[in-house]
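Residues in the sequence shown are numbered consecutively from 537, following my numbering. Ideal Cβ positions, reconstructed from N, Cα and C, are used throughout, including at glycine. Step one of this worksheet: look at the structure below.
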Amino acid sequence: MRRKWIITVLLLGVSMTSFSQGTIKGKLFDSVSNQPMSLATITVFKAIDTTIVTYRLSDPQGNFKVPGLPFNIPLRTVITSSGYKVIRRSFTLTAENSILDFGTIGGYTDTTSLEEFLVIAERPPVTIRKDTIEFNAALLRPCHLL
Numbered sequence: 537m538r539r540k541w542i543i544t545v546l547l548l549g550v551s552m553t554s555f556s557q558g559t560i561k562g563k564l565f566d567s568v569s570n571q572p573m574s575l576a577t578i579t580v581f582k583a584i585d586t587t588i589v590t591y592r593l594s595d596p597q598g599n600f601k602v603p604g605l606p607f608n609i610p611l612r613t614v615i616t617s618s619g620y621k622v623i624r625r626s627f628t629l630t631a632e633n634s635i636l637d638f639g640t641i642g643g644y645t646d647t648t649s650l651e652e653f654l655v656i657a658e659r660p661p662v663t664i665r666k667d668t669i670e671f672n673a674a675l676l677r678p679c680h681l682l
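As structure tokens, this is what we get:
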């Protein structure tokens, strides 16, 4: 009986650590005007195959927090906002370092005007343009919409 109890406790402990999740956070601002970058899209991909793990939007003060990230998997975050250059960061979360604070990140305006451009690999799942929100259905799974 005691042996079954010990095995049960060990199995619960292993299953709880396998569901452990990490978090990234930070604050976005315009590097020229020092105004917060609200409604920027923060997308987290698996670095190996660029599968989307999750995404969030920054709040009106430019703060963002992305919870529910897996441990010990190389990840990459892509931060996009209309009129700003794309910001990319690579990282790996561990049980010891489950919260990664990117601190304050300055966004630089993208002054290049192009008549035509070609997107090859990375597209954000959500694009916000003034009064329109566009969802890229090919990159979203049903659980992201809940």
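| task | Out of Asn599, Asp646 and Leu611, point me to the one whose CA is closest to Arg624's CA. | result | Mapped onto the sequence shown, residue 624 falls at position 88. Out of Asn599, Asp646 and Leu611, Leu611 has the C-alpha closest to the C-alpha of Arg624.
| said: Counting C-beta neighbours from all protein chains within 10 Å, is the total for Leu681 16 or more, i.e. buried, or is it exposed? | reply: Within the sequence shown, residue 681 is the residue found at index 145, counting from 1. Model confidence at Leu681 stands at a pLDDT of 48, short of 50, so the residue's coordinates are unreliable; what they give is reported in the following sentence. Flag for Leu681 reads exposed.
| task | Mark Pro596 as exposed unless 16 or more other C-beta atoms lie within 10 angstroms of its C-beta, in which case mark it buried. | result | By one-based count along the sequence shown, residue 596 stands at place 60. Per the 10 Å Cβ criterion, exposed.
| field | First through last residue of the beta strand (DSSP E) which encompasses Pro596 | value | Residue mapping note: residue 596 aligns to position 60 of the sequence shown, counting from 1. Premise fails: Pro596 is in no beta strand (DSSP E) and is neither H nor E.
| message | For Gly558 and Leu593, which I take to be in contact (beta-carbon distance under 8 Å), what is that distance rounded to the nearest angstrom? | response | Taking the first residue of the sequence shown as 1, we reach residue 558 at position 22. Taking the first residue of the sequence shown as 1, we reach residue 593 at position 57. The Cβ separation is near 19 Å, so there is no contact.
| said: Taking 8 Å as the cut-off, does the region 662-670 touch the region 634-650 (at least 3 CB pairs, one atom from each stretch)? | reply: No: fewer than three Cβ pairs fall under 8 Å.
| message | What does the Cβ neighbour count give for Ile588, buried or exposed, with the cut at 16 atoms within 10 Å? | response | Position 52 of the sequence shown, counted from the start, is the residue given in the question as residue 588. By the neighbour-count criterion, in which a residue is buried when 16 or more other Cβ atoms sit within 10 angstroms of its Cβ, Ile588 is buried.
| query | Expressed to the nearest angstrom, what Euclidean distance is found between the alpha-carbon atoms of Asp667 and Ala583? | reply | To locate residue 667, count along the sequence shown from 1; it is residue 131. To locate residue 583, count along the sequence shown from 1; it is residue 47. Annotation: Asp667 to Ala583 spans about 32 Å, alpha carbon to alpha carbon.
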